[in-house]
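Asker:
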Amino acid sequence: MNRFQGKVALVTGGGGGIGSAIAARLASEGAHVVVTDVNAAGAEAVAAAIRAGGHRASSIAADIAKAAECHALVSQALAAQGAVDVLVNNAGINRRGNIMAISEDDWDQTFAVNIDAMFHLCRAVIPQMMDRGGGAIVNTASQWGLHPAPGHIAYNVSKAAVASFTQNLARDYAPHGIRVNAVCPGEIHTPMLEAGVKRSGRTIADLDRLVPFGRIGKPEEVAALVAFLASDEAPFMCGSLVEITGAQAVA
Ligand SMILES: NC(=O)c1ccc[n+]([C@@H]2O[C@H](COP(=O)([O-])OP(=O)(O)OC[C@H]3O[C@@H](n4cnc5c(N)ncnc54)[C@H](O)[C@@H]3O)[C@@H](O)[C@H]2O)c1
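Note that the sequence shown covers residues 1 to 251 in UniProt numbering.
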């Protein structure tokens, strides 16, 4: 498939688990992918691997918890590539704790990365999408934003905000040809999940057993869904929150 030939895609958190799979998938289908991450070396390693595979990618380091870096990131991407046709707001952090356990810093940082960055990045890319007659935005929410798991209040509330943000943006910008959707993954095998497993003393096999499908998900499976939502194969999908969980219910 070559669904992104001639398109430019900006992927946040592209140096991480799901983000690197999304970057690879979009590039394999013809996009020039701008891989961005606070981890400069990680973002460049992903872009370099894409180029080594014969596809097109570049990297820009940015801490998207800072509004100024969000705007600088989009300006740099536009200056280098001329457009951003697809924005994938994938970066996220998971700081655990109930309301009494979580620190104020962790609460603030969670919202800065998981939702405020989407506000700034969308404001930066939408005007040129409107000028070009449309575009696609895919946000990463979470199953936990729809059905909260216990002990993660900041993460869950921030992801619920991502879901509402997605629906609001979709309603406001569908008339301009900009489609906005969100993916809501369940347990996906990434560095974020590995860190959570270590903290809890559980194993991957324990998590596999919680999923009716028999195993947790792979980053590439989320990437395939993101690519579909961002592509012209999904022209009437706008404002959707798509769960990808292997039929797991949050317990
Ligand atoms: N792994 C799961 O089970 C799971 C489930 C549901 C939702 N998600 C969501 O999927 C997305 C990707 O998660 P993942 O599991 O690949 O996590 P990950 O930790 O493996 O990767 C996240 C990436 O985001 C980057 N990042 C973090 N803070 C940043 C900042 N301030 N500026 C720029 N980049 C920053 C990290 O450096 C990292 O490369 C997140 O939004 C996460 O909440 C993950």
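Heads up, the beta-carbon is just placed ideally off N, CA and C, and yes, glycines get one too. Computed from a predicted model, the values in this text were never measured in an experiment.
Using the C-alpha atoms, what's the distance from residue 56 back to residue 204?
Answerer: Spanning the two alpha carbons is a distance of roughly 34 Å.
Asker: Please list the terminal residues of the continuous alpha helix (DSSP H) segment that includes residue 197.
Answerer: Looking at the DSSP string, the run of the alpha helix (DSSP H) that includes residue 197 is 191 to 200.
Asker: Could you give the distance in angstroms between the alpha-carbon of residue 43 and the alpha-carbon of residue 171?
Answerer: Computed Cα separation, rounded: 32 Å.
Asker: Count the other CB atoms within 10 Å of the CB of residue 5; is the residue buried (16 or more) or exposed (fewer)?
Answerer: Residue 5 comes out exposed.
Asker: Enumerated in chain order, which unbroken segments of the alpha helix (DSSP H) with a length of 4 residues or greater are wholly contained in the segment 11 to 41?
Answerer: DSSP runs (the alpha helix (DSSP H)) wholly in the segment 11 to 41: 17 to 28.
Asker: Enumerate in chain order the residues of its own chain whose CB-to-CB distance from residue 46 is below 6 Å, with the five nearest sequence positions on each side excluded.
Answerer: Here the set comprises 14, 15, 20, 23 and 35.
Asker: Unbroken alpha helix (DSSP H) runs of length 4 or more, entirely within the segment 61 to 138: which are they?
Answerer: Counting only runs of 4 or more, we get 67 to 81, 104 to 111 and 117 to 131.
Asker: Buried or exposed: where does residue 118 fall if 16 or more other Cβ atoms within 10 Å of its Cβ makes it buried?
Answerer: Buried is the call here.
Asker: Determine the DSSP secondary structure at residue 216, reduced to helix, strand or coil.
Answerer: Three-state result, residue 216: coil.
Asker: Among 244, 192, 111 and 161, whose alpha-carbon lies nearest the alpha-carbon of residue 64?
Answerer: Nearest option by C-alpha distance: 111.
Asker: Rounded to a whole number of angstroms, what is the C-alpha to C-alpha distance between residue 225 and residue 137?
Answerer: Rounded to the nearest angstrom, the two C-alpha atoms are 13 Å apart.
Asker: Does any heavy atom of ligand 1 sit closer than 8 Å to the C-beta of residue 246?
Answerer: No, Cβ of residue 246 sits at least 8 Å from all heavy atoms of ligand 1.
Asker: Pull up the CB-CB distance for residue 143 and residue 245, whole angstroms please, since I reckon it's below 8 Å.
Answerer: Confirmed, about 5 Å.
Asker: Please tell me whether residue 157 and residue 125 are closer than 9 Å, where the distance is taken between their beta carbons.
Answerer: It is not a contact, given that the beta carbons lie outside the stated cut-off.
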